[in-house]
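*Asks:*
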Amino acid sequence: MKISVIGCGYLGAVHAACMAELGHDVIGIDVDPGKVATLAAGSAPFFEPGLPELLASGRDSGRLRFSTDMAEAAGAEVHFVAVGTPQQAGSEAADLRFVDAAIDALLPHLGAGALVVGKSTVPVGTAARLAEKVAATGATLAWNPEFLREGFAVQDTLHPDRLVYGVADGDERAAAQLDAIYASALADETPRLVADFATAELVKVSANAFLATKISFINAMAEVAEATGADVTVLADAIGHDARIGRRFLNSGIGFGGGCLPKDIRAFMARAEELGVGHSVGFLKEVDAINLRRRDRVVELAVEALGGDAAGRRVAVLGLAFKPDSDDVRDSPALDVAARLRALGVEVRAFDPEAIETARRIHPELGYAASAEEALEGAEAVLVLTEWKAFRALDPETVGSAVAQRAVVDGRNCLDPAVWREAGWTYRAPGRP
Ligand code: UDX
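Under the numbering used here, the residues of the sequence shown are numbered 1 to 433, in order.
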């Protein structure tokens, strides 16, 4: 099918590349000429495993093109809208400016019978409002939320664990068009749910709210563990064996960040408040607060590791991305902790395998190292803040010979305390004795 993808960020670029991989003829549109030039050259403007290969093969096949000109979207049968919905400045609510701008710019290019498919995460009620505008052109709107995880975005798009279509009352044609696009996933028996707009919009935010709650639950248990001498990692393993609970998303540590979970739960609370059901999701305020307290705790542990006097001391920060296999530092707890330590006068030497450039744009005042070895040299404390595989595999003896003091703060509970202590390290981690 002929497809356009409006907005080529993390979501849109991956979606466009995957749609071309599935055999569709795709034009990706973005207002950022730099991003478009990079994508058109077959490279990824951000780190995402597997994406560069798909961009290159899409370019070579001629099925994947990129442009800044919305007029190029004309002629596509299906238009995906994948622009960002960040948190509004000075408010908890989502900023819909980019969604509205994308739809408004697209309207003059819509052919009769075209299908516009929203993928962006939006407050419930948005699709119904936009559907009217789209209908006025003779086209129709559907909402098809995306559940991709950064780091697994290609796999999640090509092999989703479910497909959710939000369509207007009885719009079987829209569902059939989406079925044609996702034919290969459907052939793999991917569950497919057709719902109304409001349900489809809520599926996305409630899924993220649930995941955030699960993480904050275990981080709340970490606080209790800290008051009692219990070990939250063993607790998570033990309760995770209960199939009703499950072990996934029970990793306690510095808390969640990224471009989705934090802003999605805040936007959900803001929207629920507008709808008069703020009390129903009031617990998310606590989820957010628990999450932010974990950053305070890791800063506290770092200061403790330095013997209580942090100013002027040298600290190696390993990890800046909000999670491994990503260069994304949006609302990254790791970067936040590094910046807070810097503000306390700590001489921060930070290293991340992929996220140094993105971090430097937000916090140019931090000290950045070209390698983990350089960050570790002469450090008086080592902080592991993103659980990259390379950091999990660090050898305490080798690291020990580079640092000035064998003190480690495992902000992600990703190291083996016994092994590090055995090598003479003082090991500290949130939620662990
Ligand atoms: C999330 C959702 O998982 C995805 O379905 C949705 O479409 C977009 O938002 P993503 O932001 O890529 O995806 O990251 P995710 O893997 O969910 O992790 C979010 C944050 O939670 C990261 O900072 C991660 O480190 C943290 N996390 C995750 C924990 O602290 N503990 C865990 O057990 C799991």
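Ideal placement from N, C-alpha and C gives every residue a C-beta, glycine not left out.
So, using beta-carbon positions, are Arg-294 and Val-346 closer together than 7 Å?
*Replies:* Numbered from its first residue, the sequence shown carries residue 294 at position 294. Numbered from its first residue, the sequence shown carries residue 346 at position 346. In this structure, Val-346 does not lie closer than 7 Å to Arg-294 by Cβ.
*Asks:* Could you give the distance in angstroms between the alpha-carbon of Asp-69 and the alpha-carbon of Ala-13?
*Replies:* The count along the sequence shown starts at 1 and reaches residue 69 at position 69. The count along the sequence shown starts at 1 and reaches residue 13 at position 13. Taking the straight line from one Cα to the other gives about 16 Å.
*Asks:* Determine the extent of the alpha helix (DSSP H) in which His-15 is found, giving its start and end residues.
*Replies:* Stepping through the sequence shown from its first residue, residue 15 is reached at position 15. Start and end: 10–21.
*Asks:* Nearest-angstrom Cα distance between Val-194 and Leu-115?
*Replies:* As a first step, residue 194 is located in the sequence shown; it is residue number 194 there, counting from the start. As a first step, residue 115 is located in the sequence shown; it is residue number 115 there, counting from the start. Taking the straight line joining both Cα atoms gives about 16 Å.
*Asks:* Assign Gly-472 to buried or exposed, taking buried as 16 or more other Cβ atoms, counted over all protein chains shown, within 10 Å of its Cβ.
*Replies:* Residue 472 lies beyond the residue range present for the chain, which begins at 1 and ends at 433; the question has no answer from this structure.
*Asks:* For the alpha helix (DSSP H) that Val-234 lies in, which residues bound it at each end?
*Replies:* Translated into positions along the sequence shown, residue 234 becomes position 234. Element bounds for Val-234: 232–240.
*Asks:* Are there any heavy atoms of the ligand HEM lying less than 6 Å away from the beta-carbon of Asn-251, as far as the coordinates show?
*Replies:* Looking for the ligand HEM in the displayed structure turns up nothing; the ligands present are the ligand UDX.
*Asks:* Specify whether the segment 181–191 and the segment 208–225 touch according to this definition: at least 3 beta carbon pairs, one from each stretch, less than 8 Å apart.
*Replies:* No, they do not touch.
*Asks:* Does the Cβ of Leu-275 have 16 or more other Cβ atoms within 10 Å, making it buried, or fewer, making it exposed?
*Replies:* Indexing the sequence shown from 1 puts residue 275 at position 275. That one is exposed.
*Asks:* What is the rounded straight-line gap between the Cα of Lys-133 and the Cα of Glu-172?
*Replies:* Reading the sequence shown from its first residue, position 133 is the one you call residue 133. Reading the sequence shown from its first residue, position 172 is the one you call residue 172. Their backbone Cα atoms lie some 20 Å apart in a straight line.
*Asks:* If you draw a straight line from the C-alpha of Pro-45 to the C-alpha of Pro-145, how long is it?
*Replies:* The residue given as residue 45 occupies position 45 in the sequence shown. The residue given as residue 145 occupies position 145 in the sequence shown. Approximately 23 Å between the Cα atoms of the pair.
*Asks:* Using a Cβ-Cβ cutoff of less than 8 Å, which residues in the same chain neighbour Leu-163 once the five nearest sequence positions on both sides are dropped?
*Replies:* Taking the sequence shown and counting its residues from 1, the one referred to as residue 163 is at position 163. For Leu-163, where only same-chain residues beyond five positions count, the Cβ hits under 8 Å are Asn-144, Leu-178, Tyr-182, Ala-185, Leu-186, Thr-190, Pro-191, Arg-192 and Leu-193.
*Asks:* If you follow the alpha helix (DSSP H) that Ser-67 is part of, which residue opens it and which one closes it?
*Replies:* Counting from one through the sequence shown, the residue named residue 67 turns up at place 67. Here Ser-67 belongs to no alpha helix (DSSP H); instead the beta strand (DSSP E) covers 64–67.
*Asks:* What's the gap between the Cα of Ala-343 and the Cα of Glu-365?
*Replies:* Your numbering for residue 343 matches position 343 in the sequence shown. Your numbering for residue 365 matches position 365 in the sequence shown. Taking the straight line from one Cα to the other gives about 10 Å.
*Asks:* Does any heavy atom of the ligand UDX sit closer than 6 Å to the C-beta of Lys-119?
*Replies:* Taking the first residue of the sequence shown as position 1, residue 119 is located at position 119. False, no ligand heavy atom lies under 6 Å from that Cβ.
*Asks:* Is Lys-389 helix, strand or coil by DSSP?
*Replies:* Mapped onto the sequence shown, residue 389 falls at position 389. Helix at Lys-389.
*Asks:* Since Lys-2 is in the beta strand (DSSP E), which residue starts that stretch and which ends it?
*Replies:* Residue mapping note: residue 2 aligns to position 2 of the sequence shown, counting from 1. Per DSSP, Lys-2 belongs to the beta strand (DSSP E) from 2–6.
*Asks:* Figure out for me which residue from Ile-29, Leu-55 and Asp-95 has the closest Cα to the Cα of His-109.
*Replies:* Along the sequence shown, read from residue 1 onward, the residue named residue 109 stands at position 109. For His-109, the nearest C-alpha among the options comes from Ile-29.
*Asks:* If I measure Cβ to Cβ from Arg-59 and keep anything under 6 Å in the same chain, skipping five residues before and after, which residues do I get?
*Replies:* If you number the sequence shown from 1, residue 59 lands on position 59. The residues are Gly-42.
*Asks:* Run the proximity test for Cys-18: is its beta-carbon closer than 6 Å to any non-hydrogen atom belonging to the ligand UDX?
*Replies:* In the sequence shown, residue 18 corresponds to position 18, counting from 1. Result no, Cβ not under 6 Å from the ligand UDX.
*Asks:* Could you work out which residue in Leu-202, Ala-321 and Asp-331 is closest to Ala-272 when comparing CA atoms only?
*Replies:* In the sequence shown, the residue the question calls residue 272 occupies position 272. Cα-wise, what sits closest to Ala-272 is Leu-202.
*Asks:* Could you pull out every unbroken alpha helix (DSSP H) segment of at least 4 residues lying fully inside the segment 280–352, listed in chain order?
*Replies:* Here the runs fully enclosed are 283–305 and 333–343.
*Asks:* Hey, would you say Leu-383 sits closer than 7 Å to Val-409, going by beta carbons?
*Replies:* Here residue 383 refers to the residue found at position 383 of the sequence shown. Here residue 409 refers to the residue found at position 409 of the sequence shown. Yes, these two residues count as a Cβ contact at 7 Å.
*Asks:* Report the option in Ala-128, Ala-16, Ala-94 and Val-124 whose CA atom is closest to the CA atom of Val-78.
*Replies:* The count along the sequence shown starts at 1 and reaches residue 78 at position 78. With distances taken between Cα atoms, Val-78 lies closest to Ala-16.
*Asks:* Rounded to the nearest angstrom, what separates Val-124 and Ile-27 at their Cα positions?
*Replies:* Here residue 124 is taken as the residue at index 124 of the sequence shown, counted from 1. Here residue 27 is taken as the residue at index 27 of the sequence shown, counted from 1. Going by the C-alpha atoms only, they are around 28 Å apart.
*Asks:* Can Glu-150 be considered in contact with the ligand UDX, in the sense that its beta carbon sits closer than 6 Å to one or more heavy atoms?
*Replies:* As a position in the sequence shown, residue 150 is number 150, starting the count at 1. Correct: Glu-150 has its Cβ closer than 6 Å to the ligand UDX.
*Asks:* Please find out if some non-hydrogen atom of the ligand UDX comes closer than 6 Å to the beta-carbon of Lys-389.
*Replies:* The residue given as residue 389 occupies position 389 in the sequence shown. No, the ligand UDX has no heavy atom inside 6 Å of this Cβ.
*Asks:* Does DSSP put His-109 in a helix, in a strand, or in coil?
*Replies:* The residue labelled residue 109 in the question sits at position 109 within the sequence shown. Of the three classes helix, strand and coil, the one that applies to His-109 here is helix, per DSSP.
*Asks:* Quick one: what does DSSP say Arg-192 is sitting in, helix, strand or coil?
*Replies:* For the purposes of this step, residue 192 is identified with residue 192 of the sequence shown, where counting begins at 1. Residue state, collapsed to three classes: strand.
*Asks:* If you measure from the CB of Leu-292, is any heavy atom of the ligand UDX nearer than 6 Å?
*Replies:* Walking along the sequence shown from the start, residue 292 turns up at place 292. Not so, every heavy atom of the ligand UDX lies at least 6 Å from the Cβ.
*Asks:* According to the Cβ coordinates, are Met-269 and Val-281 closer than 7 Å?
*Replies:* Residue 269 sits at position 269 when you count from the first residue of the sequence shown. Residue 281 sits at position 281 when you count from the first residue of the sequence shown. Yes, the pair counts as a contact, with Cβ atoms nearer than the cut-off.
*Asks:* If I measure Cβ to Cβ from Pro-262 and keep anything under 6 Å in the same chain, skipping five residues before and after, which residues do I get?
*Replies:* Translated into the one-based positions of the sequence shown, residue 262 becomes position 262. Hits under 6 Å: Asp-331.
*Asks:* Can you give me the C-alpha to C-alpha distance between Val-224 and Asp-231, rounded to a whole angstrom?
*Replies:* Position 224 of the sequence shown holds residue 224. Position 231 of the sequence shown holds residue 231. Using only the alpha carbons, I get a separation of about 10 Å.
*Asks:* How should Arg-434 be labelled, buried or exposed, when 16 other C-beta atoms within 10 angstroms of its C-beta is the threshold for buried?
*Replies:* Coverage of the chain is limited to positions 1 through 433, which leaves residue 434 absent and any answer about it impossible.
*Asks:* If I measure Cβ to Cβ from Asn-219 and keep anything under 7 Å in the same chain, skipping five residues before and after, which residues do I get?
*Replies:* Residue 219 sits at position 219 when you count from the first residue of the sequence shown. For Asn-219, where only same-chain residues beyond five positions count, the Cβ hits under 7 Å are Ser-252, Gly-255, Ile-290, Asn-291 and Arg-294.
*Asks:* Using the rule of at least 16 other Cβ atoms within 10 Å of the residue's Cβ for burial, across every protein chain shown, is Lys-323 buried or exposed?
*Replies:* Translated into positions along the sequence shown, residue 323 becomes position 323. Buried, since its Cβ has 16 or more Cβ neighbours within 10 Å.
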